[in-house]
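Peer 1: Using mature numbering (1 follows the signal peptide of the UniProt record, and there is no 0), the letters of the sequence shown correspond one by one to residues -17 to -1, 1 to 260. The structure's right below; bear with me while I get my questions together.
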Amino acid sequence: MLLAITLLACLIGASQGICPPDDWIEPYCTCQSHFGDAVMTCSNLYCPDELLKPLQMVSVKKYHIFSLQIENSSLLYIPHNAFKGGNFERIRFFRSEIMSLSDIDIAFEGLEETLDELRATEANFVTQWDWQQLRHHAFENLSALRILSLVDNNIEDITRNMLPNPAPELAFLDFSNNEIQTIQKNFFTNMPKLVHVSLTNNKLIVLPEDTYSWATAFEARPRWSNKFVFDCECEFPIIWIADVPMNLNRHMFIPISIGRTKSRQYRIQRIPMLIKK
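Here it is as structure tokens:
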């Protein structure tokens, strides 16, 4: 009878996102259930094994944990097998020092079809995450990744190899409140569903016109999104965004905000008009 109850609890956890027993994930992790979604928080971690053990326990028992937040921690790396067998959909690093995303050439193994959102806020060493060096096209299999937010991380440079390449589902990029001064012209390539970019509160002076050339493919994108926003601040007005290319602007884009912000910088946002076929 006891065995049957235990098996039933495991099945419920797997299907409904119910939290596992506290003693499975303590002392470093806690879990709460919000509207049927299990949200797990791990804090004060200083050894990779302190993270590995509770995550493996959750994965082995097939608990469906919707979101994981790692906070106030300092780790040399995230164990490559920490998520194997799991189904986390959202991961966030908050006020933590993470030197590397993995200890080998594969990161987030096991989350190829489920990881939808990755955020790092006030996290040190993010700029050392040379993602493509983990493995050639290391994140190519993370087909579900849709949101990437790296806000408040003192990032000075962003290069294409920081991101999955290609990024087939990536729709939302937020690099606000960093120290970014330049952007490579190919930075947004191979992101066919990208509809929101935020670069506010950085140190951009010039935004190369080629940076925006990928937007010409917008008309071919799925109709699940009818909004495109490019939010950026620069020291000088970026006239070409409003005027070039004219056919792109005329057919599907209208400038909704081009003017000086309180910091005397220029902010540009665009929302496309509905495209009629």
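We put the beta carbon where it would ideally sit given N, CA and C, even for glycine. It should be emphasised that the depicted structure is a prediction, and the values quoted were computed from it without experimental measurement.
By a C-beta neighbour count over all protein chains shown, 10 Å radius and 16 as the cutoff for buried, is D88 buried or exposed?
Peer 2: exposed
Peer 1: Out of curiosity, what's the CA-to-CA distance linking M40 and T172?
Peer 2: 38 Å
Peer 1: List, from N- to C-terminal side, the alpha helix (DSSP H) runs of 4 residues or more that fit wholly inside the stretch 2 to 50.
Peer 2: 5 to 8, 31 to 43
Peer 1: Out of N107, I163, G69, which one is the CA nearest neighbour of I188?
Peer 2: I163
Peer 1: Is it the case that the Cβ atoms of residue 307 and P147 are separated by a distance below 7 Å?
Peer 2: The question about residue 307 has no answer, for the chain in this structure spans -17 to 260.
Peer 1: Counting pairs of beta carbons, one from the stretch 54 to 70 and one from the stretch 16 to 23, are three or more of them closer than 8 Å?
Peer 2: no
Peer 1: For N173, which of helix, strand or coil comes out of DSSP?
Peer 2: Coil, per DSSP.
Peer 1: With distances taken from CA atoms, which of L128, I1, N160 is nearest A150?
Peer 2: L128
Peer 1: What is the DSSP secondary structure of R143, reduced to helix, strand or coil?
Peer 2: helix
Peer 1: Here's a check: name, in chain order, each residue in its chain whose Cβ is nearer than 6 Å to the Cβ of L51, leaving out the five neighbours to either side.
Peer 2: M23, F71, I74
Peer 1: Assuming S181 is part of the beta strand (DSSP E), what are its boundary residues?
Peer 2: 179 to 182
Peer 1: Less than 8 Å between the CB atoms is what I'm expecting for G69 and S26, so what's the real figure, rounded?
Peer 2: No, G69 and S26 are not in contact; Cβ-Cβ is about 19 Å, not under 8 Å.
Peer 1: Could you check where the beta strand (DSSP E) with F157 kicks off and where it finishes?
Peer 2: Strictly speaking, residue 157 in this sequence is Asp, with Phe absent from that position. Run containing D157: 155 to 157, per the beta strand (DSSP E) assignment.
Peer 1: From the DSSP output, in three-state form, read off T104 for me.
Peer 2: strand
Peer 1: Taking M82 as the reference, which of F108, D99, K67 has the closest Cα?
Peer 2: F108
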